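What follows is a short report on a single structure.
Residue numbers (my numbering): -3 to 331.
Printed below as a string of structure tokens:
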């Protein structure tokens, strides 16, 4: 009978996966922004999770522990846990499940109503929006009063204060101010992010080169494949747009109905299915902007329109679709 050879598995430290490493970096950034030090005698393989939602007894903390390699996997993942007070031997007790913690404490943990999770800033955005940069209000206005009100209230606040603590009201609901809101307000020219170096983030955005973004900053594989397929598809040939002469500033005149119909069908129509590229694309953008000025359309929407039209339909997103729908509806209204 042949003897089975048993190989003893060596105990190795687990290497964090890429996703787990990003999450640890976000939690550490959140701790630094809130000036919250890690408690003493903290386990080396546990990250302090300040975003834990369950209200714990005094001396207990939320954490995320790195899983070790096993026969079923290489480990390196993060598992939520509860870290207790320091024991006489200098170590802290760790529980992975709520029921085990409640059994140890001898009572149920009651969750308070309206418990709010701590907001977190993605470290990838800190390179563009430093946490100590100031938000400055411009003179521009938009049709939405709640956006004007929130921008007025944000004037003079830092990015940290805006993204960590600021809230605003919309349709009777209180919402947290997010990075998406900040991007919208900045792109529309309602706010300027002053980094203290005399340059706003908008100026830095224009001077950056077009190098490929790192893998950690790219979108999911599915969305990337969609973008690649959209770019590889042949671009639609744009017809020569009908020239529209811009009137002198301050004296807009309504273009004829034939011009509006031509712009809607022959200029804007193809651009809804493809990106504006080359000389013909830029001429088409100028034509559309000229008509928009003559029809006295919203200046904020007109400012955002060129950047939207230069993107493929897949890259435009909800905001880009909203801009195109607004322009098309205005053209139909004035025909």
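Where is the CB? At the ideal position from N, CA and C, for every residue including glycine.
Since we're looking at a predicted model, the values are computed, not measured.
Query                                                                                         : Result
Every unbroken beta strand (DSSP E) inside the segment 144 to 172 [3 residues or more]        : 163 to 166, 169 to 172
Bridge-paired residues (DSSP) for residue 75                                                  : 61
Segment limits, beta strand (DSSP E) that includes residue 52                                 : Neither: residue 52 is in no beta strand (DSSP E) and is coded neither H nor E.
Backbone CA spacing between residue 318 and residue 165 [nearest angstrom]                    : 21 Å
Boundaries of the alpha helix (DSSP H) in which residue 284 is found, first to last residue   : 274 to 290
Bridge-paired residues (DSSP) for residue 44                                                  : 59
Collapsed DSSP secondary structure at residue 312 in the structure displayed                  : helix
Between the CA atoms of residue 253 and residue 272 - distance to the nearest angstrom        : 24 Å
Backbone CA spacing between residue 101 and residue 88 [nearest angstrom]                     : 15 Å
Residue burial classification, residue 150 (beta-carbon count within 10 angstroms, cutoff 16) : buried
C-alpha distance - residue 141 paired with residue 76, whole-angstrom precision               : 42 Å
Own chain, CB closer than 8 Å to residue 39, minus 5 neighbours either side, in chain order   : 59, 61, 79, 87, 88, 90
The alpha helix (DSSP H) enclosing residue 304, as first and last residue numbers             : 295 to 305
Distance, residue 177 Cα to residue 341 Cα                                                    : This structure leaves residue 341 out entirely; the chain is present only between -3 and 331.
Rounded C-alpha distance that separates residue 47 from residue 263                           : 50 Å
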